[in-house]
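Peer 1: So that we are looking at the same thing, I have put the structure below in structure tokens.
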Amino acid sequence: MDEIQIYELSISIFQMMEFWMECLEKLDINSANITPYKKALLDISDLWFKKMTQVLQQIDTGNNFSKKIKKLISV
Numbered sequence: 004m005d006e007i008q009i010y011e012l013s014i015s016i017f018q019m020m021e022f023w024m025e026c027l028e029k030l031d032i033n034s035a036n037i038t039p040y041k042k043a044l045l046d047i048s049d050l051w052f053k054k055m056t057q058v059l060q061q062i063d064t065g066n067n068f069s070k071k072i073k074k075l076i077s078v
């Protein structure tokens, strides 16, 4: 994989993570309205975010996206 492909993959993953976070926020999940389905969605989302963060860390030699991911997750 060359640098351009790595960059494009990183951008795509990061954009997808941002989109997913926006979707989760729109669901307005809280302790008062949690259902087994919403809990499962949160669990799957957590695993997916961890995996995508690992992928970004493996391909991001400049740590550009690692910093953005930490900011995104802290929201």
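In the working numbering, the protein residues as written are 4 to 78. Just so you know, even glycine gets a beta-carbon here, dropped at the ideal spot from N, CA and C. Nothing here was measured: the structure is a model prediction, and the numbers come from that model.
Give a yes or no on whether the C-beta atoms belonging to residue 41 and residue 50 are separated by under 8 Å.
Peer 2: It is not a contact, given that the beta carbons lie outside the stated cut-off.
Peer 1: Give a yes or no on whether the C-beta atoms belonging to residue 16 and residue 45 are separated by under 8 Å.
Peer 2: Against a cut-off of 8 Å, the Cβ pair of residue 45 and residue 16 comes out as no contact.
Peer 1: Give the C-beta separation of residue 52 and residue 20 to the nearest angstrom, bearing in mind that I take them to be a contact with Cβ-Cβ under 8 Å.
Peer 2: Right, the Cβ-Cβ distance comes to about 7 Å (below 8 Å), so this counts as a contact.
Peer 1: Note down, in chain order, each residue of its chain lying with its Cβ closer than 7 Å to the Cβ of residue 23, except the 5 sequence neighbours on either side.
Peer 2: Excluding positions up to five away in sequence, the list reads 48.
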